[in-house]
Amino acid sequence: MTGSSVGGFPILSLMLLVPLVGAVASLKANREQARLIALVATLIDFALGVVLWASYDIGGAQWQFTEHAAVFTGFEWKLGIDGIALVLIALTVFLMPICIGASWNSIEKRAGEYYAAFLLMETLMIGVFTAQDLFLFYIMFEAGLIPMYLIIGIWGGADRIYASYKFFLYTLLGSVLMLIAMFWMVNEAGTSDIPTLMTHHFPVGAQNLLFLAFFASFAVKMPMWPVHTWLPDAHVQAPTAGSVILAGVLLKMGGYGFIRFSLPMFPEASAHFAPLVWGLSMAAVVITSLIALVQHDIKKLIAYSSVAHMAIVTIGLFAFNQQGLEGSMIVMLSHGLVAGALFLAVGVIYDRLHTREIDRYGGLAINMPYYAVFFLLFTMASIGLPGTSGFVGEFLSLLGIYQESSWVALVCTTGIILGAAYMLYLYRRVVFGAQKNADAAAMPDLDAREWAMMVPLAAVVLWMGIYPESFLAPMRKDIAVVEQRIDAAKPKGDANVKIAAVTPVAAEAGEAK
Amino acid sequence: MNLLHSLQLTAAEELISVAGLVLLLVAAWSGDRASRAISIATVGVLVAAAAIALPALCGSLAGADVSAFGGQYKADAFSAFAKLLIYVGAAVTLIVAPAFFDRFRAMRAEFPILVLFAALGMGIMVSAGDLLTLYIGLELNSLAAYVLAAFLRTDDRSAEAGLKYFVLGSLASGILLYGISLTYGFSGTTSFDAIRVAYAHGMSIGATFGMVLILVGLGFKISAAPFHMWTPDVYEGAPTPVTTFFATAPKVAALGLLMRISLEAFGAQPDAWRQVIVAASLLSIVVGALGAIGQSNIKRLMAYSSINNVGFMLIGLAAGTKAGASAMLVYLAIYVAMSVAGFVAILMLRDADGNQVETIADLGGLSRTRPGLAAALAMVMFSLAGIPPLFGFWGKFVVFQAAVQANLLALASIGIAASVIGAFYYLKVVKVLYFDEPTDKVQGNSDLAHSILLVVFSVVLSPLGYLLTGWLNTLASSAASALFHVV
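Those protein sequences? They're chains A and B, same order as listed. Positions in the first sequence are counted from 1; adding 843 to them yields my numbering. Positions in the second sequence are counted from 1; adding 4 to them yields my numbering.
Structure (structure tokens):
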């Protein structure tokens, strides 16, 4: 095994191994042991994630911590990360301990298997972001279906069976054609090495088909309208932690796929299909926001808002400029934190009252003031209030697309307004108003465990909102690489605006361009 | 080409036939009391035969040096690869059979001997270099298999399975023979190598007819759609250890034979047979997937699953390249592991009285009463569906890769999209195992031999199986090269 990482130490493999070992260990353990094992394993991985971030050399080599081991034939065990992968891995390892915390008391049956499935998910998610071999990526990408299927199906709500099938078959159908496309690409380029493929020029004619095959997979995973319908079902039925991980990380795989594969590998096709992506995104922003407005189920509402937010991500990605790409990455991170936090907030009251009906709550600000504060913060972050993480990402994404098409920007910006409408309406019905339900009025405020989950999330949401540079800096160079790659192919924009660089002076000096 | 050399090359077959005859005498004199001892001896014979076959595979032998009796028999790397899989399937059958038949007091001494003779026939099938050798091997195998299917003769379903298998098997043999005679008529030879030469510059209509009839006859044997009708009934009716056998060894033998005929005898005219194979492949994938959805019996489900999987393997053959043949062999090896693990797990499903539990609904909540068994069964299901990271994915991976390399993009795309339909019914089984409330139908413990087999084959199917990819790839490609060794 060759490694050029922390002193030649294979930290990425270790990050994959720790949850895997935890998964095996917790399989046979009882509930108390299993949750402890899971917490320890995820915290170790978080610590490793901190080490990873700290030792990541911003502005250094494009691919760092690379590892390669010749143990397979047909594909290779090749790991390595760039800044884009780094922040997504950080998001994963940050959310995982919180997910375990969210399940601490609420999972009573078959806890060993539950934590094992979650830890396995963590391994596979990190695997997706670290894989440097096309087929290794595919294996990790698809393998996540099995634990998620089990999580929804075993520990989900009343309609869990239907939701689990829908989740599995929808995403599987989306992905299989991508495999055929991968075979073709590897056959054509003669390698399955992702960094090499990112610089390979595929024939323009073939690019369109390849793009569509990848698009089918990532659009379902993302999810984009109109193939988003599995998401509300899966979210509503999944247990709280399942929803958090689904919204927090799994949806990001779609965005990661676009920025890692579709854009750099098929730049001409991306430009060719950009109007399609724009159209679907515009439709998603407006339609799903309107649907969210009329939901009675809190989780379903947040699920639809996720689809709308993901549309902002695709808009930013297909803006073909640095602002758009950076914005969409920040939206992904921000949405991972905020949607995760909102699902946690729902979980907090669901654990107390065992219902997701908005009407069953009301006036929580009176008996749960601290809860109300956190919920408000995350609601505002979801709307995109300046000072929270949501604002930074959405602003950059919309700024990016405005240079390409003012109409798309116009339509998508209505999403922000609609977003404010449904989130504030939700908040009003749940937290403000009279305490119309006696049982809801009797609910106690946050306990220590819930504080421990909310505080870090709130802190990072504010951090990203106030000083996003910490998160943008590691990605900037890699986004510039992607931008350079797609620049030649980019469709001609309708707006002739010239925007001065929005990056701070300090970072500008270090920029490679 | 002296006789001694030929006898040397056919050592594995000689060993099996002599041992089979000796064991038959033992069985005649000591009766059913000796059935266990004979089973053990038979497994020993199979291990020895495998050891004889192994050097040809490791040395990737091919060509004139290893063809015996004037080219009628080929002890090349390809036949060795297939034989190893066949012997594994036969040995597993013998290991799991006693526990099953003892309950019906039906563990007869003939059982292991029939399996042995079937294995002999299959060994000849995959080594055949001539249409007549092929037919002898095929019939030797089939006759033993008909009896095996009806082995539980007091059970109506078993008798029905035997009869059905016999009638349809005979029909298939008839069609095959007709094809053979036409091919002989148009090429003037029965040797594969000579047929290849005779058809090197094209095939007449009659020759094509002969070829298609041969393919149809073999289509019955591999249970590819639209010649699959017998499979669910025979799989369901036959005693489960025999079903285990049918799902593994004869599949390998018949597919091996199909590969040899297509790539050697008709190897000069791949376009002539490719469309037949492509049609059978896609039909099998779709029929196997759709047919399985309504099944409530797990053995019938496995039957449709085998039809479905044969469809995927045929994609490798349709590619018509060395990579395709190698991919098909890799898939076959993984398929044998999946089938063995699946049927051993099914054999371990017994109710309180020790009867087999075969209804899928009765497996409800098995993950809570028997977590290990349920996990193994779920792994088999996900593997058969080809979901990574389980090793079943690798079979599909290599086959589709070969198809894409051979530029069969439409076939690969349709095939892989249809595999999603198949995923539905595999998921259904996992759902019953994991999501449903326990029915507590499955009780009791299983014996050690079953557990060991299940653990071994489950480990192969687990992601650890990927560590075998290098080794499997080397062996399969050396076996596949033997088929492309033009004399």
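The beta-carbon is built from N, C-alpha and C at its ideal position, and this holds for glycine as well.
Restricting attention to B:G63, B:A55, B:A103, B:Y91, the CA atom closest to the CA of H454 of chain B is found in B:A103. In the three-state scheme derived from DSSP, where H, G and I count as helix and E and B as strand, L859 of chain A is classed as helix.
The beta carbons of L19 of chain B and A52 of chain B sit closer together than 8 angstroms. If you ignore the 5 residues before and after L287 of chain B, its C-beta comes within less than 8 angstroms of the C-beta of A228, A229, P230, G315, all in its own chain and listed in chain order. The C-beta of W1027 of chain A has 16 or more other C-beta atoms within 10 Å across all chains shown, which makes the residue buried.
I887 of chain A and M1307 of chain A have their C-alpha atoms spaced approximately 24 angstroms apart. Selection B:I117, B:R109, B:T97, B:S185 evaluated against Y139 of chain B yields B:S185 as nearest (Cα-Cα). When DSSP reads this structure, W920 of chain A sits in a beta bridge with A:A912. Look at F1275 of chain A here: in three-state DSSP terms it is coil, with no helix or strand label. Excluding five sequence positions before and after V446 of chain B, the CB atoms of its chain that fall closer than 8 angstroms to its own CB belong to L353, R354, D355, V361, D366, L367, L370, T373, R374, L377, given in chain order. Shown here, S455 of chain B sits in a helix according to DSSP, grouped into three states.
Per DSSP, the continuous alpha helix (DSSP H) segment holding T885 of chain A begins and ends at 874–898. DSSP places A1285 of chain A outside any alpha helix (DSSP H), giving it a letter other than H or E. If you ignore the 5 residues before and after F1101 of chain A, its C-beta comes within less than 6 angstroms of the C-beta of F1061, L1160, all in its own chain and listed in chain order. Uninterrupted alpha helix (DSSP H) stretches at least 4 residues long and entirely within the region 1059–1144 of chain A occur at 1073–1080, 1083–1088, 1094–1100, 1110–1136, given in chain order. Straight across, the Cα-Cα distance linking I927 of chain A with R1319 of chain A is about 9 angstroms. Counting other Cβ atoms within 10 Å of its Cβ, E875 of chain A stays below 16 and is therefore classed as exposed. Fewer than three pairs of CB atoms, one per stretch, sit closer than 8 angstroms, so the region 329–337 of chain B makes no contact with the region 416–429 of chain B. The alpha-carbon separation between N312 of chain B and G1227 of chain A amounts to approximately 50 angstroms.
For G917 of chain A, the nearest CB of chain B lies under 8 angstroms from its own CB, placing it at the interface with that chain. For D69 of chain B, the three-state secondary structure derived from DSSP is helix. Residues L855, L922, I924 of the same chain have their beta carbon placed closer than 6 angstroms to that of T973 of chain A, with the five preceding and five following residues left out of the count. Not a single unbroken stretch of the beta strand (DSSP E) spanning 3 or more residues falls wholly within the region 113–161 of chain B.
Under the three-state reduction of DSSP output, Q409 of chain B falls in the helix class. Below 8 angstroms, too few C-beta pairs join the region 913–922 of chain A and the region 1291–1300 of chain A to call them touching: fewer than three. Interface annotation for the region 1008–1019 of chain A against chain B: Y1008, F1011, L1012, L1015, L1016, V1019, criterion Cβ-Cβ distance under 8 angstroms. The C-beta of P442 of chain B comes no closer than 8 angstroms to any C-beta of chain A. With the criterion set as a beta carbon lying under 7 angstroms from some beta carbon of chain A, the members of the region 380–394 of chain B are F386, I391, P392, P393, in sequence order. Take A202 of chain B, set aside five residues on each side of it, and the residues of its chain with a beta-carbon closer than 6 angstroms to its own are S191, in chain order. At a beta-carbon threshold of 9 angstroms, the residues of chain B lying near E985 of chain A are I391, P392, P393, F397, ordered along the chain. If you draw a 10 Å sphere on the C-beta of D357 of chain B, you find fewer than 16 other C-beta atoms in it, and that means exposed. Separation of M1067 of chain A and S1171 of chain A (C-alpha to C-alpha, rounded to the nearest whole angstrom) is 14 angstroms. C62 of chain B counts as exposed, since fewer than 16 other C-beta atoms from the protein chains shown sit within 10 angstroms of its C-beta. Below the 7 angstroms Cβ cutoff, chain A contributes L1012, L1015, L1016, V1019 as neighbours of V424 of chain B, in chain order.
Cβ-Cβ distances below 7 angstroms link D80 of chain B to A60, L65, A66, V70, A486 in the same chain, with the five nearest sequence neighbours on each side left out; the list follows chain order. Spatial neighbours of A877 of chain A in its own chain (CB-CB distance under 7 angstroms, excluding positions within 5 residues in sequence) are listed in chain order as S869, A954, G955, Y958.
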